[in-house]
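Participant: The structure is given below, and queries will be raised subsequently.
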Amino acid sequence: MDGTDFNRPVAVITGAAGSLGRAMAQEFALEGRSLVLCDLKSVDAAMHSVRNLLSARSITAVTGDITRADFPSQVKAALGGRKISALVHTAGVSPAVKDGRRIFDVNFTAARRLVDALAPEMQQPGGVVILVASMGGKLVQSAAVDLAVKRHLGGARSPTLWALKRWPYTAYSVSKRCVQLYARKMARPLAQPSAAGPGGIRIVTVSPGVIDTDMTLHYASRPNLSTLVGSGPMERMGRPEEVVPVIKFLASEGASYITGMDVLVDGGIVASRRRALKNTAKVVMKERREKKKALKKFEKEEKLRRLDVKGKAKEPPVYKEVEE
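757 is the number of the first residue of the sequence shown in the working numbering; add one for each residue after it.
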């Protein structure tokens, strides 16, 4: 590797074999960044798409299971002493995997381990971590779920979280909520100076809605998916090219004052569903008020029925035994 290649800013992309990962590789290559492309599968397709933009020396492939404890070490070895300008974590699995614990491990546990391990290898200041979450994390957002996630992030055992990890769909959404809250929690530690450097690292999450990617194909035929898509104002799936510019911007100097937040790219689905839930809650509260009002009216009428004309309580009837 010559001096020119060594001094290029380096972007690390996980899930590089997927639709979103390949698209981000092309965008970073156009910016002149060196690439470290990571995936469980071969990243040949992603490498081929950028070979006409970068020299072979500027592209490094890392193939392996991201959930393995030694995976961050593989990435460090691929860096060869270079500092990371952008870490974009797009790797993830859908509920089609069926194993809730595997889904949680890939989508969150591996992401957390990778960020914790690679933070000292980030460019300081100026480095950025972008974790791809999902609108699913927003859809399960609640006081109970967030409390369980925060307990987990703090190292405490959470029976609620353990239970939610048992089923694929809840495991998927909760894993993405973990990613969102983890980024919020890490914003301050990464921005502050530490033994590893002066700090100044940003971390954000991007939460796509239903995007037409390789992952979506696995459960595109499910009827509830079309219902979910139809609940948004745009009533359609998103496209990878509608998510890529958002990630590109967040990785740029133009986003230097953005950290610790989640960016929704969902075509308005979450906002629409929250509005629907809010309207439903209003209807329920109205019904409760009407029932309470009706009950009070009934109790009042019942009380009046038991009073005589002078307003005194009527004496209960006395029954005498009649001898035969």
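Cβ coordinates follow ideal geometry from the N, Cα and C atoms, glycine included. Bear in mind that the values here come from a model prediction, so they are computed numbers and not experimental data.
Apart from the five residues on each side of it in sequence, which residues of its chain come closer than 8 angstroms, Cβ to Cβ, to residue 809?
Facilitator: Counting only Cβ-Cβ distances below 8 angstroms, and skipping sequence neighbours, we find 782, 785 and 786.
Participant: Run through DSSP, which three-state label would residue 891 get?
Facilitator: Residue state, collapsed to three classes: helix.
Participant: Assign residue 980 to buried or exposed, taking buried as 16 or more other Cβ atoms, counted over all protein chains shown, within 10 Å of its Cβ.
Facilitator: It is exposed - the Cβ of residue 980 has fewer than 16 other Cβ atoms within 10 Å.
Participant: Which class does residue 765 belong to by DSSP, given the choice of helix, strand or coil?
Facilitator: Note: residue 765 maps to coil in three-state DSSP.
Participant: According to DSSP, is residue 914 part of a helix, a strand, or is it coil?
Facilitator: Reduced to three states, the DSSP call for residue 914 is coil.
Participant: Could you please give the first and the last residue of the uninterrupted alpha helix (DSSP H) stretch that includes residue 1018?
Facilitator: Element bounds for residue 1018: not the alpha helix (DSSP H) but the beta strand (DSSP E), 1018-1021.
Participant: So, are the CB atoms of residue 934 and residue 860 less than 9 angstroms apart?
Facilitator: Contact: yes.
Participant: Tell me whether the segment 1004-1021 and the segment 791-800 touch, counting them as touching only if at least three CB pairs, one residue from each stretch, are closer than 8 angstroms.
Facilitator: No: the two stretches stay apart, fewer than three of their Cβ pairs being nearer than 8 angstroms.
Participant: Among residues of its own chain, excluding the 5 on either side of residue 799, which ones have a beta-carbon nearer than 6 angstroms to its beta-carbon?
Facilitator: Here the set comprises 772, 773, 793 and 817.
Participant: Measure from the alpha carbon of residue 961 to the alpha carbon of each residue in 766, 1051, 1056 and 889, then state which is nearest.
Facilitator: Checked all of 766, 1051, 1056 and 889; the closest Cα to residue 961 is 889.
Participant: Under 8 angstroms, with one C-beta from each stretch per pair, do the segment 861-876 and the segment 938-957 reach the 3-pair mark?
Facilitator: Contact holds: three or more Cβ-Cβ distances are below 8 angstroms.
Participant: In terms of DSSP beta bridges, what is residue 842 paired with?
Facilitator: DSSP output for residue 842 lists 767 and 884 as bridge partner(s).
Participant: If you follow the alpha helix (DSSP H) that residue 926 is in, where does it begin and where does it stop?
Facilitator: Looking at the DSSP string, the run of the alpha helix (DSSP H) that includes residue 926 is 924-947.
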